[in-house]
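Undergrad: Residues in the sequence shown are numbered from 53 upward in steps of one, following the numbering used here.
By construction, the Cβ of each residue, glycine as well, lies at the ideal position given by its N, Cα and C atoms.
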Amino acid sequence: MRLFFATCGRPHCPECQTEISALSVDQMADRILDLPEGTRLILMAPITRRMDLMPLDEILNHLKKDGFLRVRIDGRTFNLDAPVTLEDKPESLELIVDRLIVKPGILSRLADSLALALSQGNGSVVIEIFPVKKGKWPEMLTFSEKMVCPECRASFPALSPRIFSCSHPDGMCISCEGKGKNKSGQTYPECAGTGLNPFARSVRIGDQTFPGLMTWSVHKTYLWLLSFPDKFSVKFHGIRNIQAGIRIIEGISSRLKPLEEMGLGYLRLDRAAMTLSGGEIQRLRLGAQLGRDLTGILYILDEPTIGLHPREQEALWQNLVHLRDQGNTIIVVEHDLDIIRKADHVIELGPGAADEGGYLIFSGTAEDMAKDRDSITGPHLQGSRRLKRHGHKRRSHGQIILRHVKKNNLKDITVAFPLGCLVCVAGVSGSGKSTLVTDELYHALRCRPTERSSKTKLVLKGGLSAMPEVILVDQAPLVKARSSMPATYMGIFTRIRAVFSRTPEARSRGYKAGYFSLTRKGGRCERCRGQGSIDLDLQYLPPIKITCDLCGGMRYNREALGIRYKGLNMAEVLDMTVKDAAGFFARIPGIRRPLEVIERIGLGYLKLGQPACTLSGGEAQRLKLARELAKQTRDSTIYIMDEPSRGLHPRDMERFILVLDELLEQGHSVILIENQPEILDLADWIIELGPKGGPEGGAIVAEGPPDTAKK
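Put into structure tokens, the structure is as follows:
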């Protein structure tokens with residue numbers, strides 16, 4: 053897009069908004085010859101600035117010696133053969149180079165005269181145009197081979213892609229140094245938050261500036277570019293290189309089209325990468341590859357269907373087929389049954405997770421996989437094993453109604469969320485699901501009534517007297533602390549340290565529970581500070597982690613490792629899986645029960661001391677849910693989860709559904725942002741937003757039980 057504006061943009065003076073044109077002699081001649089035949093012209097060189105260097109008489113004598121005949125002073129024409137007498141010091145001075153009439157055969161003379169005027173006028177030429185039609189006033193036209201404003205004479209750099217970069221000195225705003233916002237998040241008024249200088253913001257293509265265009269969605273930009281080829285020469289007459297512009301448009305369009313097809317048309321061009329979900333980033337990368345037409349490439353995709361509506365999945369599949377048919381190989385890590393059924397070859401690993409997995413269970417076609425007795429996925433492909441609710445579907449015991457929601461693309465909607473039920477909010481990417489549930493509903497339930505938006509009203513129905521508690525279980529990282537791990541997150545590490553501190557050996561040495569902490573001095577290894585690894589900074593490369601050479605990755609010093617409980621030291625306990633640890637601490641309920649919850653939710657393969665930063669988004673979400681379940685709250689609570697099926701095999705989803713049934717059985721409510729058809733079929737109530745993403749979304753397109761919503 054920067055190249056597009058550098059090639060096809062029309063710069064304007066930031067002060068007076070006059071268009072600035074740096075043209076070659078041929079381009080100037082082409083513009084003049086486009087005037088109606090019979091138009092009279094006077095070509096002049098602006099030489100006003102020479103009067104700052106020498107007296108007017110001396111200037112005129114030099115011009116006369118060079119063979120010129122006439123000048124224009126303050127709008128009046130004077131012959132150089134006669135003395136020039138003026139009462140006051142003149143304000144403007146132009147050298148008359150030639151007089152012409154637009155007609156066939158004048159190109160050579162016109163080009164020579166323009167070149168002469170440019171050489172005398174320091175790169176600028178002024179043309180007085182006398183229209184053919186009588187009664188019209190003459191017009192003045194200024195051309196320049198330099199980037200100079202014809203009105204205020206301010207000079208500007210030639211257009212290049214770096215002009216439109218807020219990280220380059222040629223384009224950045226001086227006040228904010230390209231950041232657009234200060235440390236408090238406030239927008240700098242000088243650049244309106246764009247991070248670009250005034251000149252970069254004044255370049256236009258049609259009516260659009262670069263920062264203005266960058267606020268558009270992929271969909272809107274794609275449609276705008278499609279309208280160019282037929283209108284280019286009309287709408288943007290006189291741009292430096294129309295053919296180059298069309299090639300650039302074709303290149304941009306070829307990159308935007310795959311994004312549109314994969315359901316990312318709602319994304320703004322200036323959307324910060326850190327705000328994108330993992331699924332959006334992966335589809336963006338895939339879209340970039342689709343626009344390159346490469347062959348002989350091996351593509352590896354990790355769950356590309358994450359968060360996709362079934363309609364978007366079909367578009368994704370067509371793009372994968374397109375890549376394959378171009379002569380590429382596609383390897384997809386995927387649990388979606390529709391994708392598995394369509395694959396040319398399927399490889400299944402298992403049978404369990406972590407130490408219980410790693411074996412090749414099946415390799416072949418999806419059709420053969422459905423018949424294979426050893427396959428875990430086969431029964432689901434065949435349809436003989438389906439997800440099901442173990443409890444009965446439930447009726448609502450009340451409602452929470454969210455009225456007049458208008459945030460982002462939501463169309464002033466009013467939504468009722470049944471309580472005591474499994475509610476699924478579905479819709480294509482960008483339809484407003486997260487805005488409705490995690491931004492509006494969650495915030496409205498969390499804040500006090502006085503803090504709620506005056507336009508967004510939260511209403512209770514069904515005899516409810518008080519707002520229920522609400523817990524958001526999202527896929528954000530657990531915590532930023534380097535020492536965070538499942539044992540600390542679940543709150544059992546304190547109990548484990550207490551167990552070790554009560555051993556006879558620890559008592560004899562005076563070791564308290566704090567001695568076994570990884571966050572302070574005591575029993576931890578001080579070289580790695582209890583991390584087991586050390587960050588090694590490499591110049592020009594990202595840092596890498598290497599195993600601590602002092603503790604060998606054990607995290608503790610020799611004295612702490614000498615303390616054992618039931619034959620194991622602290623490092624060996626942290627290296628145990630949740631499943632093994634639940635049996636190891638079977639007689640300590642405060643440790644065993646949280647571990648059993650983790651195992652029940654399908655994370656029994658995690659190790660107690662596994663760094664939290666190594667957990668996937670789905671694992672982090674389920675661990676958050678496990679912590680809430682372990683609290684055993686009795687108050688009515690609404691659990692909100694964002695795409696909880698992400699990364700789950702159908703067998704894992706069976707366990708997850710069991711946990712949801714357990715929550716509902718206890719009188720809680722569950723609201724899922726989910727597009728997985730198998731889970732939608734199990735819902736008590738579905739709310740679907742759409743019909744599309746971005747500005748075309750934000751409306752309720754279906755609402756009710758699954759059978760009703762499907763219609």
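Enumerate in chain order the residues of its own chain whose CB-to-CB distance from residue 190 is below 7 Å, with the five nearest sequence positions on each side excluded.
TA: 180, 181, 182
Undergrad: Going by CA-CA distance only, name the one from 221, 722, 264, 627 that's closest to residue 451.
TA: 722
Undergrad: To the nearest angstrom, report how far apart residue 71 and residue 355 are at their CA atoms.
TA: 50 Å
Undergrad: When burial is assigned at 16 or more other CB atoms within 10 Å of the CB, is residue 442 buried or exposed?
TA: exposed
Undergrad: On the criterion of 16 or more Cβ atoms from any shown chain inside 10 Å, does residue 287 qualify as buried, or is it exposed?
TA: Below a pLDDT of 50, predicted positions are generally treated as unreliable, and residue 287, at 43, falls in that range; the measurement from the model is reported next regardless. Classification for residue 287: exposed.
Undergrad: With a cut-off of 8 Å, does the C-beta of residue 709 fall near any C-beta of chain C?
TA: Absence of chain C from the displayed structure is noted, only one protein chain being present.
Undergrad: State the Cα-Cα distance for the pair residue 598 and residue 405, rounded to the nearest angstrom.
TA: Spanning the two alpha carbons is a distance of roughly 26 Å.
Undergrad: So, under 8 Å CB-CB, residue 609 and residue 575 are touching, yes? Tell me the CB distance rounded to an integer number of Å.
TA: 6 Å
Undergrad: Alpha carbons only, please: which of 527, 569, 558 is nearest the one belonging to residue 544?
TA: For the options 527, 569, 558, the alpha carbon positioned closest to that of residue 544 is the one of 569.
Undergrad: Please classify residue 575: does DSSP put it in a helix, a strand, or coil?
TA: Coil at residue 575, not helix or strand.
Undergrad: Using the Cβ count rule (16 or more neighbours within 10 Å means buried), how would you classify residue 429?
TA: buried
Undergrad: Under the rule that 16 or more other beta-carbon atoms within 10 Å means buried, what is residue 324, buried or exposed?
TA: The residue is exposed, with fewer than 16 neighbouring Cβ atoms inside 10 Å.
Undergrad: Kindly list the residues whose CB is nearer than 7 Å to the CB of residue 220, restricted to its own chain and excluding five residues on each side of it in sequence; keep chain order.
TA: 214
Undergrad: Out of 379, 342, 700, state which residue places its alpha-carbon closest to the alpha-carbon of residue 367.
TA: Measuring from the Cα of residue 367, the nearest candidate turns out to be 342.
Undergrad: Is residue 595 helix, strand or coil when you go by DSSP?
TA: Residue state, collapsed to three classes: strand.
Undergrad: Identify every residue that forms a DSSP beta bridge with residue 509.
TA: In the DSSP assignment, the residues bridged to residue 509 are 455.
Undergrad: Which same chain residues, not among the five before or five after residue 173, have their C-beta less than 7 Å away from its C-beta?
TA: 97, 98, 99
Undergrad: Looking at the structure shown, is residue 255 part of a helix, part of a strand, or coil, going by DSSP?
TA: In the structure shown, residue 255 sits in coil (DSSP, three-state: anything other than H, G, I, E or B).
Undergrad: Can you give, in chain order, each stretch of the beta strand (DSSP E) that sits fully within the stretch 373 to 407 and has at least 3 residues?
TA: 381 to 385, 398 to 402
Undergrad: Give every residue of the same chain whose Cβ lies closer than 7 Å to the Cβ of residue 468, excluding the five residues on either side of it in the sequence, and list them in chain order.
TA: 451, 453
Undergrad: Any chance the stretch 673 to 684 sits against the stretch 576 to 587, with 3 or more Cβ pairs inside 8 Å?
TA: no
Undergrad: Of the choices 567, 184, 459, whose alpha-carbon is the least far from that of residue 484?
TA: 459
Undergrad: Tell me the residue span of the alpha helix (DSSP H) that contains residue 150.
TA: Here residue 150 belongs to no alpha helix (DSSP H); instead the beta strand (DSSP E) covers 145 to 153.
Undergrad: Looking at C-alpha atoms only, which residue of 705, 122, 664 is the closest neighbour of residue 437?
TA: In this structure, 705 is the residue among 705, 122, 664 with its C-alpha nearest to the C-alpha of residue 437.
Undergrad: For residue 768, which option in 154, 314, 539, 474 has the closest C-alpha, if you only look at C-alpha atoms?
TA: What the structure shows of the chain is the stretch from 53 to 763, and residue 768 is not part of that stretch, so it cannot be assessed.
Undergrad: What separation, rounded to the nearest whole angstrom, lies between the Cα atoms of residue 132 and residue 201?
TA: 29 Å
Undergrad: Report the residue from 577, 676, 614 whose alpha carbon sits nearest the alpha carbon of residue 560.
TA: 614
Undergrad: Whole angstroms is fine: what's the gap from residue 289's alpha carbon to residue 211's?
TA: Because residue 289 sits at a pLDDT of 44, beneath the cut-off of 50, its placement in the model cannot be relied upon, and the point is left open.
Undergrad: Can you give, in chain order, each stretch of the beta strand (DSSP E) that sits fully within the stretch 167 to 204 and has at least 3 residues?
TA: Runs of the beta strand (DSSP E) lying entirely within the stretch 167 to 204 and spanning at least 3 residues, in chain order: 176 to 182, 191 to 196.
Undergrad: Under the three-state reduction of DSSP, which class applies to residue 127: helix, strand or coil?
TA: Under the three-state reduction of DSSP output, residue 127 falls in the coil class, being neither helix nor strand.
Undergrad: Determine the extent of the beta strand (DSSP E) in which residue 477 is found, giving its start and end residues.
TA: Its beta strand (DSSP E) spans residues 474 to 479.
Undergrad: Taking the continuous beta strand (DSSP E) assigned at residue 661, which residues delimit it?
TA: That residue, residue 661, is in no beta strand (DSSP E); it is neither H nor E in DSSP.
Undergrad: Let me confirm a value: residue 673 is counted as buried when at least 16 other C-beta atoms fall within 10 Å, else exposed. Which label applies?
TA: buried
Undergrad: Any idea what DSSP makes of residue 737, helix, strand or coil?
TA: strand
Undergrad: Give every residue of the same chain whose Cβ lies closer than 6 Å to the Cβ of residue 687, excluding the five residues on either side of it in the sequence, and list them in chain order.
TA: 521
Undergrad: If you run the structure through DSSP and keep just helix, strand and coil, what is residue 337?
TA: helix
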